[in-house]
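Asks: In the UniProt record's numbering, the protein residues as written are 1 to 297. One structure, pasted below without further comment.
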């Protein structure tokens, strides 16, 4: 740590611009340091942790930016950088939460684009998903949803099917814990934001549509809160689907319109076959069937 102690001391001066400059110098030194002082060394990790643990928003903001740059330059493994940000997020001041979420969002996009991440690894262990780990702090909701939207928009060029596969463990996890009051508000914000994206994608919308319909089946409806979330989420999808169909017809994209119909019929058929006698499942099924009937008007 002695190699970085002088620069770390400068991050404590009461002047944001000087603090930022000190952080830049620390990370430049980390990026060019020999193995015993690089980001994977004990002194290097200690310096990064101290910067991210600062109470100064200027220091934390610049540190997050510089850490992401080290990842882009292949000076630190993306998993190690994510771990640093997630660990700091758990203990940081609430006013600094968004800075860490933005950094995690960037690293997720970067890793996905480089082929480091896919959704299959989180199907059986959704708690390990980077976006799920962010939910350790209730203050993250708005910024996390913003990062999820950015992830879809910036990653769909690599295949929306793969994007949805990566997000599905997060959506499923959010639905399963939606009976908690704080989780319920996040779930509704997440579903409504994904539904809005569905409305904007048009001819690219089928994978997102399939994912949302599939996730509806994860609602347990074991409580009033669960049941309300199921109904609200289904209604979001009903309204969005009608908007998409009208826009597809107006744009002359009948092929995509037909493909969405086929997808919907398949989903409703599967739901009908798995229908039990429990009242919540019946109501979810009727909402899906209502969606199918409206689509044919």
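Virtual Cβ for every residue (Gly too), placed ideally from N, Cα, C.
From residue 14 to residue 96, what distance separates their C-alpha atoms?
Replies: Numbered from its first residue, the chain shown carries residue 14 at position 14. Numbered from its first residue, the chain shown carries residue 96 at position 96. One C-alpha to the other measures close to 17 Å.
Asks: Please state if the CB of residue 143 and the CB of residue 195 are separated by a distance shorter than 7 Å.
Replies: On the chain shown, position 195 is the one that residue 195 refers to. On the chain shown, position 143 is the one that residue 143 refers to. Cβ atoms of residue 195 and residue 143: not closer than 7 Å.
Asks: May I have the straight-line CA-CA distance separating residue 127 from residue 226, to the nearest angstrom?
Replies: As a working mapping, residue 127 is identified with position 127 in the chain shown. As a working mapping, residue 226 is identified with position 226 in the chain shown. Each residue's alpha carbon lies about 20 Å from the other.
Asks: Note down the Cα distance separating residue 232 from residue 212, rounded to an integer number of angstroms.
Replies: In the chain shown, counting from the first residue as 1, residue 232 sits at position 232. In the chain shown, counting from the first residue as 1, residue 212 sits at position 212. So the alpha carbons of these two residues sit roughly 13 Å apart.
Asks: Taking the alpha carbon of residue 216 as the point to measure from, which residue in 52, 237, 245 and 202 has its own alpha carbon closest?
Replies: Here residue 216 refers to the residue found at position 216 of the chain shown. For residue 216, the nearest C-alpha among the options comes from 237.
Asks: Leaving aside the five residues before and after residue 166 along the sequence, list all residues of the same chain whose C-beta is less than 7 Å from its C-beta, in chain order.
Replies: Start at 1 with the first residue of the chain shown, and residue 166 comes out as number 166. Result list for residue 166: 112, 117, 118 and 119, in chain order.
Asks: Give the straight-line distance between the Cα atoms of residue 123 and residue 18, rounded to the nearest whole angstrom.
Replies: For the purposes of this step, residue 123 is taken as the residue at position 123 of the chain shown. For the purposes of this step, residue 18 is taken as the residue at position 18 of the chain shown. The straight-line gap from Cα to Cα measures roughly 45 Å.
Asks: Taking residue 190 and residue 145 to be in contact with their CB atoms under 8 Å, please state how far apart those CB atoms are, rounded to whole angstroms.
Replies: Numbered from its first residue, the chain shown carries residue 190 at position 190. Numbered from its first residue, the chain shown carries residue 145 at position 145. About 6 Å; that satisfies the 8 Å criterion.
Asks: Would you say residue 199 and residue 243 are within 7 Å of each other, going by their C-beta atoms?
Replies: Here the question's residue 199 lines up with position 199 in the chain shown. Here the question's residue 243 lines up with position 243 in the chain shown. Taking 7 Å as the Cβ cut-off, residue 199 and residue 243 qualify as a contacting pair.
Asks: What is the DSSP secondary structure of residue 115, counted as helix, strand or coil?
Replies: As a first step, residue 115 is located in the chain shown; it is residue number 115 there, counting from the start. Note: residue 115 maps to coil in three-state DSSP.
Asks: How should residue 157 be labelled, buried or exposed, when 16 other C-beta atoms within 10 angstroms of its C-beta is the threshold for buried?
Replies: Within the chain shown, residue 157 is the residue found at index 157, counting from 1. So residue 157 counts as exposed.
Asks: Checking 7 Å against the spacing of the C-beta atoms, do residue 71 and residue 23 come in under that value?
Replies: Residue numbering aside, residue 71 sits at position 71 when the chain shown is read from its first letter. Residue numbering aside, residue 23 sits at position 23 when the chain shown is read from its first letter. In this structure, residue 71 sits away from residue 23, with a CB-CB distance that is not shorter than 7 Å.
Asks: Looking at residue 64 and residue 89, is the spacing between their C-beta atoms short of 7 Å?
Replies: As a working mapping, residue 89 is identified with position 89 in the chain shown. As a working mapping, residue 64 is identified with position 64 in the chain shown. Against a cut-off of 7 Å, the Cβ pair of residue 64 and residue 89 comes out as no contact.
Asks: Just the Cα atoms here: how many angstroms apart are residue 30 and residue 193?
Replies: Your numbering for residue 30 matches position 30 in the chain shown. Your numbering for residue 193 matches position 193 in the chain shown. Taking the straight line from one Cα to the other gives about 39 Å.
Asks: Where residue 47 and residue 173 are concerned, what is the direct C-alpha to C-alpha distance, given to the nearest angstrom?
Replies: Numbered from 1 along the chain shown, position 47 holds the residue referred to as residue 47. Numbered from 1 along the chain shown, position 173 holds the residue referred to as residue 173. CA-to-CA, the gap between residue 47 and residue 173 works out to about 34 Å.
Asks: I need the DSSP call for residue 68, collapsed to helix, strand or coil.
Replies: Looking up residue 68 in the chain shown gives position 68. Residue 68: helix per DSSP, three-state reduction.
Asks: For residue 273, which residues from the same chain have a beta carbon less than 6 Å from its beta carbon, with the 5 sequence-adjacent residues on both sides left out?
Replies: Counting from one through the chain shown, the residue named residue 273 turns up at place 273. Note that residue 273 has pLDDT 46, beneath the 50 cutoff, so the model's placement of it is unreliable and the number below is only indicative. There are no such residues.
Asks: Please report the distance separating the alpha-carbon of residue 37 from that of residue 44.
Replies: Locating residue 37 in the chain shown gives position 37, counting from the first residue. Locating residue 44 in the chain shown gives position 44, counting from the first residue. Taking the straight line from one Cα to the other gives about 5 Å.
Asks: What is the rounded straight-line gap between the Cα of residue 219 and the Cα of residue 229?
Replies: Residue 219 sits at position 219 when you count from the first residue of the chain shown. Residue 229 sits at position 229 when you count from the first residue of the chain shown. If I take the Cα positions, the gap works out to 8 Å.
Asks: Can you tell me the Cα-Cα spacing of residue 214 and residue 241, whole angstroms?
Replies: If you number the chain shown from 1, residue 214 lands on position 214. If you number the chain shown from 1, residue 241 lands on position 241. Near 15 Å, if we compare the C-alpha coordinates of residue 241 and residue 214.
Asks: Do residue 314 and residue 138 have their CB atoms nearer than 7 Å?
Replies: Look at the range of the chain in this structure, 1 to 297, and you will see that residue 314 is not part of it.
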